[in-house]
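J.:
Protein chains in written order, with the numbering used here: chain A, 1 to 118; chain B, 119 to 319.
(1) Roughly how many angstroms lie between the CA atoms of residue 154/B and residue 188/B, to the nearest whole one?
(2) Residue 3/A lies in the beta strand (DSSP E); which residues open and close that run?
(3) Any chance the segment 250 to 260 of chain B sits against the segment 217 to 233 of chain B, with 3 or more Cβ pairs inside 8 Å?
(4) Cα-Cα, which of 234/B, 182/B and 243/B is closest to residue 194/B?
(5) Between the Cα of residue 29/A and those of 22/A, 42/A and 58/A, spot the shortest distance and give me the residue it belongs to.
(6) Look at the alpha carbon of residue 148/B and the alpha carbon of residue 190/B, and state the distance between them as a whole number of angstroms.
(7) When you compare only the Cα positions, how much space is there between residue 196/B and residue 46/A?
(8) What are the uninterrupted segments assigned as alpha helix (DSSP H) that are 4 or more residues long and contained completely in the segment 67 to 101 of chain A, given in chain order?
(9) In or out: residue 265/B buried (at least 16 other Cβ within 10 Å) or exposed?
(10) Give the straight-line distance between the Cα atoms of residue 316/B and residue 91/A, rounded to the nearest whole angstrom.
(11) For residue 180/B, does the three-state DSSP call read helix, strand or coil?
(12) Would you kindly work out how many angstroms separate the C-alpha atoms of residue 53/A and residue 79/A, rounded to a whole number?
(13) Can you pull the chain B neighbours of residue 63/A, defined as C-beta to C-beta under 9 Å?
(14) Who are the neighbours of residue 299/B on chain A, taking C-beta pairs under 7 Å?
(15) Select from the segment 63 to 91 of chain A all residues with a C-beta closer than 7 Å to any C-beta belonging to chain B, and list them in chain order.
(16) Is the distance from the Cβ of residue 8/A to the Cβ of residue 55/A below 8 Å?
(17) Check for me: the alpha helix (DSSP H) holding residue 221/B runs from which residue to which?
(18) Cβ atoms of residue 112/A and residue 77/A: under 8 Å apart, would you say?
(19) In whole angstroms, what separates the C-alpha of residue 302/B from that of residue 308/B?
(20) Can you tell me whether residue 260/B is buried or exposed? The criterion is at least 16 other CB atoms within 10 Å of its CB, across all chains shown.
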């Protein structure tokens, strides 16, 4: 299963990739903002997206809205520092399927991914 | 008050120096760094003095900490690979004819157990590196507010250059410093549940 990780922090992308590999997901593509995320998505084969919110050029919310605007039902998990209730609701309204606030534990990420794929 | 005085004030100085002394003070963190893909350094370019210096200094801090965090991650990756190699060697050793006595087998199991513990600690350390991204976003928020103050003063006095409009999106409400991952999860899950119930109802 190919997972697209969109985050402008290379450290965070490595942490997520590392966590995914520990739970058995090793087919990963990376984007450093929404724009490059859309490019990677356009290359095909992506079955799940894990995206940050705050990124330059195109942020995660705009990215999610664009993906949903293309009528894509691909599961999207937002992993962000934005912790306010209004932010979480805004992301869900934009089409995010689930939401993780940083810092997170590997168990949380695993649980959320499995719930999305379940 | 002219622009250089405003800039100096924002930079934390009192009187405006003609050539800001702060710019000459190179701290270890201020060494030239490769252009970060993820920071606001490009947008800080128009500022050369005062507030601009503070902003670009903060940008440098974020890019340098990201670079150094990646070096730590490289080291942790290497430790992880070495531990995996060690585990493979010990597994091979277990199958060796000369290692079949109960005493040797017990010792080998102890080595394997210690090795797994090291691997778990390495993964734990990698997860803890999330602090870098969270700190970076907090600094970006400070830079954002500094730019707002800078532009407000420029507007007020009708002098000087405003910061450029191209800025990365910033986090408005970062989880409070010190909140645990479990607290973050419980909070997010509660909001998601409430949202889902509201949608159903």
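Quick reminder that beta carbons are idealized off the backbone N, C-alpha and C, glycines included. None of the values given here were measured: they were computed from a predicted structure.
T.: Inspection of the coordinates gives the following:
(1) Note on residue 154/B: pLDDT 41, under 50, position unreliable in the model; the coordinate value appears next. Distance between the alpha carbons of residue 154/B and residue 188/B: 12 Å.
(2) 2 to 6
(3) no
(4) 243/B
(5) The residue among 22/A, 42/A and 58/A with its C-alpha nearest the C-alpha of residue 29/A is 42/A.
(6) Annotation note: pLDDT 36 at residue 148/B (below 50); position unreliable, coordinate value reported separately. For residue 148/B and residue 190/B, the distance between alpha carbons rounds to 19 Å.
(7) 29 Å
(8) Runs of the alpha helix (DSSP H) inside the segment 67 to 101 of chain A: 85 to 94.
(9) buried
(10) 15 Å
(11) helix
(12) 7 Å
(13) Per Cβ cutoff of 9 Å: no residues; residue 63/A is ~11 Å from chain B at best.
(14) 103, 104, 105 and 108
(15) Within the segment 63 to 91 of chain A, the qualifying residues are 81, 82, 83, 84, 85, 87, 88 and 89.
(16) yes
(17) 220 to 246
(18) yes
(19) Rounded to whole angstroms, residue 302/B to residue 308/B spans 10 Å at the Cα level.
(20) exposed
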